[in-house]
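Per UniProt numbering, the sequence shown starts with residue 1, numbered consecutively. Just so you know, even glycine gets a beta-carbon here, dropped at the ideal spot from N, CA and C. Take a look at the structure below.
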Amino acid sequence: MRYHRYGDSDVLEYEESPRPVPGAGEVLVQVAATSFNPVDAMMRAGHLSEVFPIALPHVPGLDLAGTIAEVGAGVEGQRPGDPVVAFLPMTADGAAAEYVLAPAEVLAAAPTTVDAAEAAALPVAGLTAWQALFDVAELRAGQSILVNGAGGAVGGYAVQLAKQAGAVVTATASARSAKRLRDYGIDRIVDHLDYTATPVTVAGKPFDVVINLVGTTPEETAALVDLVADGGVLASATTPAPEHPGRGVRTPRIFVRSDAGQLAELVRRVDAGELRIDVADRRPLADLAAVHADADAGRLPGKTILVA
Numbered sequence: 001m002r003y004h005r006y007g008d009s010d011v012l013e014y015e016e017s018p019r020p021v022p023g024a025g026e027v028l029v030q031v032a033a034t035s036f037n038p039v040d041a042m043m044r045a046g047h048l049s050e051v052f053p054i055a056l057p058h059v060p061g062l063d064l065a066g067t068i069a070e071v072g073a074g075v076e077g078q079r080p081g082d083p084v085v086a087f088l089p090m091t092a093d094g095a096a097a098e099y100v101l102a103p104a105e106v107l108a109a110a111p112t113t114v115d116a117a118e119a120a121a122l123p124v125a126g127l128t129a130w131q132a133l134f135d136v137a138e139l140r141a142g143q144s145i146l147v148n149g150a151g152g153a154v155g156g157y158a159v160q161l162a163k164q165a166g167a168v169v170t171a172t173a174s175a176r177s178a179k180r181l182r183d184y185g186i187d188r189i190v191d192h193l194d195y196t197a198t199p200v201t202v203a204g205k206p207f208d209v210v211i212n213l214v215g216t217t218p219e220e221t222a223a224l225v226d227l228v229a230d231g232g233v234l235a236s237a238t239t240p241a242p243e244h245p246g247r248g249v250r251t252p253r254i255f256v257r258s259d260a261g262q263l264a265e266l267v268r269r270v271d272a273g274e275l276r277i278d279v280a281d282r283r284p285l286a287d288l289a290a291v292h293a294d295a296d297a298g299r300l301p302g303k304t305i306l307v308a
């Protein structure tokens, strides 16, 4: 699946293309599955063309789960037949295909306790959660954290990882997601925040860390600062928050990057039964345009994987 121009979901076309040949340091992977991430739709629509300039036609799909088919010159420690997962480079062709080229350094061994397709739901969302908590917010045991928008894939991983880190975890999520979050051992669930309240509060207590995963207006994002304790952190994956140096509140943005070492740790936790992968829907790769259309219309039920 690829698109030759930016636009709506109907620019995605199912096409034949030559099988890629791995160059030095590259690996050719036979794709088992990819997954849909919101950034896929933003890139397809051209909203990120200046940030992530891609060559057209472009194959989407940042998440990869599959099996190594060939290795290029200089690749060591990876062999044909090895099951792997990866967060592929943002500007390279993605995994919405039968085969995809990947730099060897982005690959991690796939989980052994889930099927290959299900593993495609881990890399981008799992790494976003990990980096938001530990690289950006520097979450520590005993701290309190609010995950605003925990019903999605990133939020689900963030809740699990924060609990494992010894934090006291509160999250906003719909009733539809509440049972799943309780299964993760969450301490408190709030249905939604009232951004019009002055100040915005949750149980009258500030948090050491707030992770914002919800699309918010600048005013709503600024209101989230009311929820942060002095010296705390408000990290947003969407609208940036204003700085508050007088209170010592840090307001960094969350930008995910590929990291095979961190991904390997996430895989280890999956195989140890510590981290759960939740897949809401499984569709054939040929349905990718329909999945993009459903996402644009707000109809996706949750994390959706696309099986090659």
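With respect to the 8 Å criterion, Ala260 and Leu107 are classified as neighbours on the basis of their beta carbons.
Taking a contact to require three or more Cβ pairs closer than 8 Å, the stretch 266-276 and the stretch 157-176 qualify as touching. For Pro103 against Gly7, the beta-carbon gap comes to about 29 Å, at or over 8 Å, which does not count as contact. Out of Met43, Gly149, Ala86, Tyr14, the CA that lies nearest to the CA of Thr34 is found in Ala86. Between the stretch 218-227 and the stretch 125-141 there are fewer than three inter-stretch CB-CB distances shorter than 8 Å, so the stretches are not counted as touching. Within the model, the alpha-carbon separation for Ala41 versus Leu139 is close to 30 Å.
With respect to the C-alpha of Val39, the residue from Glu265, Pro22, Arg257 having the closest C-alpha is Arg257.
As the crow flies, the alpha-carbon of Arg269 is around 9 Å from that of Pro111. For Gly156, the enclosing alpha helix (DSSP H) covers residues 153-164.
Inside the stretch 6-44, DSSP marks whole beta strand (DSSP E) runs of 3 or more residues at positions 26-35, from first to last along the chain. Counting other Cβ atoms within 10 Å of its Cβ, Gly204 stays below 16 and is therefore classed as exposed.
Leaving aside the five residues that flank Tyr195 on each side, the residues in its chain whose CB is nearer than 6 Å to its CB run, in chain order, Glu220, Ala223. Secondary structure within the stretch 179-207: the beta strand (DSSP E) runs of 3 or more consecutive residues, fully enclosed, are 188-190 (chain order). For Glu220, the secondary structure class from DSSP, reduced to helix, strand or coil, is helix. Under the DSSP assignment, Glu70 falls in the beta strand (DSSP E) whose first and last residues are 63-71.
In the structure shown, Phe87 adopts extended strand secondary structure according to DSSP, grouped into three states. Under the DSSP definition of a beta bridge, Val225 lacks any partner.
Around Ile54, the same chain offers Thr91 as residues with beta carbons nearer than 6 Å, after the five sequence neighbours per side are excluded. Beta-bridge annotation (DSSP): Pro284 is paired with Val307. Spatial neighbours of His58 in its own chain (CB-CB distance under 7 Å, excluding positions within 5 residues in sequence) are listed in chain order as Arg2, Tyr3, Asp93.
Bridge pairing for Pro103: Glu26 [DSSP]. DSSP places Ala241 outside any beta strand (DSSP E), giving it a letter other than H or E. Between Ser236 and the set Ala95, Thr216, Asp230, Arg247, the nearest pair of CA atoms involves Thr216. By the Cβ neighbour-count rule, Ala73 is exposed, with fewer than 16 other Cβ atoms within 10 Å of its own. Between Ala129 and Val209, the gap from beta carbon to beta carbon reaches 8 Å or more. A direct Cα-Cα distance of roughly 11 Å separates Leu193 from Val214. Approximately 7 Å separates the beta-carbon atoms of Ala109 and Pro83; this is inside 8 Å, confirming the contact.
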